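Just so you know, the sequence shown maps onto residues 257 to 561 in the working numbering. Okay, structure first, notes after.
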Amino acid sequence: MTDAHLANRAVVFAYHSVGVHSIKVLLARGIDIALVVTHNDNPNETIWFESVAALCAEHGIPTLFEPEADALFNAVKELAPDFIFSFYYRNMLPVDLLALAKRGAYNLHGSLLPKYRGRVPVNWAVLHGETETGATLHAMEAKPDAGAIIAQTAVPILPDDTAFDVFGKLTVASEQTLWHAIPQLLAGTAPTITNELSQGSYFGGRKPEDGRINWQQTGQQVYNLHRAVAPPYPGAFTDQNGHRFIIKKARLTALPKANLPQGICVVDNVIFGVCGDEKALNIAELIYEGKVISPETCKQLLESS
């Protein structure tokens, strides 16, 4: 191994599509990836994203799956990496582990820090009706998403984008951010921008129950919830007449008729979700018991005793 490679040695913690594409960027930029640490897939989770483990197997990169803390520390210490990178790895890395990186430890976060620190930032941004988000490469420290900002790339959130749509854009933004930052990190010339804690908020993870629809909210609020959790995420749902319905595909529209009750209804063979203002969701695909149902079937379920 050459001295140049030794100066560019990295240990990478990665998962998800961002992890896959970020590893590809490191390889293309000549980074010597000595080890990748990743997660085992959760059998209870819908795995719609690309596999870091499969990529590492293809390239012959040594891989560990959720190792014990002591074993992980010793493995990284022995490798003496120049860099540690975290790309959508789901666990916080302890400070003593980060300190093993001789030239710095960096994380890719799915928002334009300091906004939307914490978990599932794309889903939160869509839920709150943001029109822009992006990818941020920042230094890692004890507090999550709080280290100095190295580089950022913004992407638009269009009015009908779902979180899945935005995540696709974010994956490309992550590639771009890392691609432009790596030469500066290697040269020791990467700029740093203060990541002001006072200017951003932390957000926690989301559970399937958080997708429950409150039809008293405005149409835009309900539509944002749908967009934020639409499949392949668990989906926005409502319980009506003893049945649970999950919205798969919808668009925001005006009420088709006046004085419709709030919630799911069928008008002229079209399924609507009536909200608390003069708006409704025109529901193109509604799921019941795991299958997309027709307006006729929906009407029958709503009218059954």
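Glycine included, every Cβ here is placed at the ideal spot set by N, Cα and C. None of these values were measured; they are calculated from a predicted model.
query: What first and last residue would you give for the alpha helix (DSSP H) that runs through residue 401?
result: In the sequence shown, counting from the first residue as 1, residue 401 sits at position 145. No alpha helix (DSSP H) holds residue 401; DSSP gives it neither H nor E.
query: How would you write the range of the alpha helix (DSSP H) that residue 390 sits in, first residue to last?
result: By one-based count along the sequence shown, residue 390 stands at place 134. Run containing residue 390: none in the alpha helix (DSSP H); it sits in the beta strand (DSSP E), 388 to 395.
field: residue 358 versus residue 339 - alpha carbon distance
entry: In the sequence shown, residue 358 corresponds to position 102, counting from 1. In the sequence shown, residue 339 corresponds to position 83, counting from 1. Roughly 6 Å between the two C-alpha positions.
- prompt: residue 260 by DSSP, collapsed to three states: which one?
  reply: Within the sequence shown, numbered from 1, the residue matching residue 260 stands at position 4. Interpretation of residue 260 is limited by its pLDDT of 45, a score under 50 that renders its predicted location unreliable; the figure taken from the coordinates is listed afterwards. Note: residue 260 maps to helix in three-state DSSP.
query: Where do the N-terminal and C-terminal ends of the beta strand (DSSP E) with residue 268 fall, by residue?
result: By 1-based counting over the sequence shown, the position of residue 268 is 12. That run of the beta strand (DSSP E) goes 265 to 270.
- prompt: Where do the N-terminal and C-terminal ends of the beta strand (DSSP E) with residue 339 fall, by residue?
  reply: Along the sequence shown, one-based indexing puts residue 339 at 83. Run containing residue 339: 339 to 343, per the beta strand (DSSP E) assignment.
query: residue 456 and residue 376: beta carbons closer than 9 Å?
result: Reading the sequence shown from its first residue, position 200 is the one you call residue 456. Reading the sequence shown from its first residue, position 120 is the one you call residue 376. The answer is no: Cβ separation not under 9 Å.
- prompt: Roughly how many angstroms separate the alpha carbons of residue 487 and residue 350, rounded to a whole number?
  reply: As a first step, residue 487 is located in the sequence shown; it is residue number 231 there, counting from the start. As a first step, residue 350 is located in the sequence shown; it is residue number 94 there, counting from the start. Cα to Cα, residue 487 sits roughly 33 Å from residue 350.
message: Taking 8 Å as the cut-off, does the region 325 to 344 touch the region 262 to 278 (at least 3 CB pairs, one atom from each stretch)?
response: yes
field: First and last residue of the uninterrupted beta strand (DSSP E) at residue 541
entry: By 1-based counting over the sequence shown, the position of residue 541 is 285. It spans 535 to 544 - the beta strand (DSSP E) in which residue 541 sits, taken as one unbroken run.
query: The beta strand (DSSP E) with residue 414 in it runs from where to where?
result: Here residue 414 is taken as the residue at index 158 of the sequence shown, counted from 1. Looking at the DSSP string, residue 414 is not in any beta strand (DSSP E), and its letter there is neither H nor E.
- request: Starting from the C-beta of residue 517, find all residues in its chain whose C-beta is less than 7 Å away, skip the five residues before and the five after it, and write them out in chain order.
  value: Here residue 517 is taken as the residue at index 261 of the sequence shown, counted from 1. Here the set comprises 530.
message: One question on the structure: do residue 379 and residue 478 come within less than 9 Å of each other, judged by their Cβ atoms?
response: Along the sequence shown, read from residue 1 onward, the residue named residue 379 stands at position 123. Along the sequence shown, read from residue 1 onward, the residue named residue 478 stands at position 222. Taking 9 Å as the Cβ cut-off, residue 379 and residue 478 do not qualify as a contacting pair.
field: Under 9 Å between C-beta atoms of residue 490 and residue 522
entry: Taking the first residue of the sequence shown as position 1, residue 490 is located at position 234. Taking the first residue of the sequence shown as position 1, residue 522 is located at position 266. Result no, Cβ atoms of residue 490 and residue 522 do not sit closer than 9 Å.
task: Determine the burial state of residue 548: buried for a count of at least 16 other Cβ atoms within 10 Å of its Cβ, exposed for fewer.
output: Start at 1 with the first residue of the sequence shown, and residue 548 comes out as number 292. Looking at its Cβ environment, which holds fewer than 16 other Cβ atoms inside 10 Å, residue 548 is exposed.
field: Residue burial classification, residue 439 (beta-carbon count within 10 angstroms, cutoff 16)
entry: Stepping through the sequence shown from its first residue, residue 439 is reached at position 183. Under this definition residue 439 is an exposed residue.
message: I believe residue 544 touches residue 501 by the beta-carbon criterion, under 8 Å. Please report the beta-carbon distance rounded to the nearest angstrom.
response: Taking the sequence shown and counting its residues from 1, one reaches residue 544 at position 288. Taking the sequence shown and counting its residues from 1, one reaches residue 501 at position 245. Right, the Cβ-Cβ distance comes to about 6 Å (below 8 Å), so this counts as a contact.
The region 398 to 417 touching the region 280 to 293, judged by at least three CB pairs closer than 8 Å: no
- prompt: In its own chain, which residues sit with a C-beta less than 7 Å from the C-beta of residue 430, not counting the 5 before and 5 after it?
  reply: Mapped onto the sequence shown, residue 430 falls at position 174. Here the set comprises 274, 277, 278, 364, 391.
- request: Please work out which residues of its chain come closer than 6 Å, Cβ to Cβ, to residue 418, disregarding the five sequence neighbours upstream and downstream, and give them in chain order.
  value: The residue you call residue 418 lines up with position 162 of the sequence shown. Here the set comprises 483, 486.
query: Is DSSP giving residue 363 helix, strand or coil here?
result: Numbered from 1 along the sequence shown, position 107 holds the residue referred to as residue 363. Residue 363: strand per DSSP, three-state reduction.
- request: Return helix, strand or coil for residue 280, following the three-state DSSP convention.
  value: Counting from 1 along the sequence shown, the entry for residue 280 is found at position 24. It is helical.
query: Alpha carbon to alpha carbon, how far is residue 434 from residue 467?
result: Locating residue 434 in the sequence shown gives position 178, where the first residue counts as 1. Locating residue 467 in the sequence shown gives position 211, where the first residue counts as 1. For residue 434 and residue 467, the distance between alpha carbons rounds to 33 Å.
query: Thinking C-alpha only, which one of 389, 373, 321, 447 is nearest residue 407?
result: As a first step, residue 407 is located in the sequence shown; it is residue number 151 there, counting from the start. Out of 389, 373, 321, 447, 447 has the C-alpha closest to the C-alpha of residue 407.
- prompt: What's the call for residue 367, buried or exposed, on a 16-neighbour Cβ count within 10 Å?
  reply: For the purposes of this step, residue 367 is taken as residue 111 along the sequence shown, with counting starting at 1. Residue 367 should be labelled buried.
field: Cα-Cα separation, residue 556 to residue 495
entry: Here residue 556 corresponds to residue number 300 of the sequence shown, with the count starting at 1. Here residue 495 corresponds to residue number 239 of the sequence shown, with the count starting at 1. So the alpha carbons of these two residues sit roughly 15 Å apart.
message: With a threshold of 6 Å on Cβ separation, who are the neighbours of residue 272 within its own chain once the five nearest residues in sequence on each side are excluded?
response: Your numbering for residue 272 matches position 16 in the sequence shown. Counting only Cβ-Cβ distances below 6 Å, and skipping sequence neighbours, we find 305, 344.
task: Could you tell me if residue 475 is buried or exposed, where buried requires 16 or more neighbouring beta carbons within 10 angstroms of its beta carbon?
output: Taking the first residue of the sequence shown as position 1, residue 475 is located at position 219. By the neighbour-count rule (16 or more Cβ atoms within 10 Å), residue 475 is buried.
query: Is residue 302 helix, strand or coil when you go by DSSP?
result: Looking up residue 302 in the sequence shown gives position 46. Coil, per DSSP.
field: Residue environment, residue 257, which counts as buried when at least 16 other CB atoms sit within 10 Å
entry: Here residue 257 refers to the residue found at position 1 of the sequence shown. A caution first: residue 257 carries a pLDDT of 42, below 50, which makes its placement in the model too unreliable to give a value.
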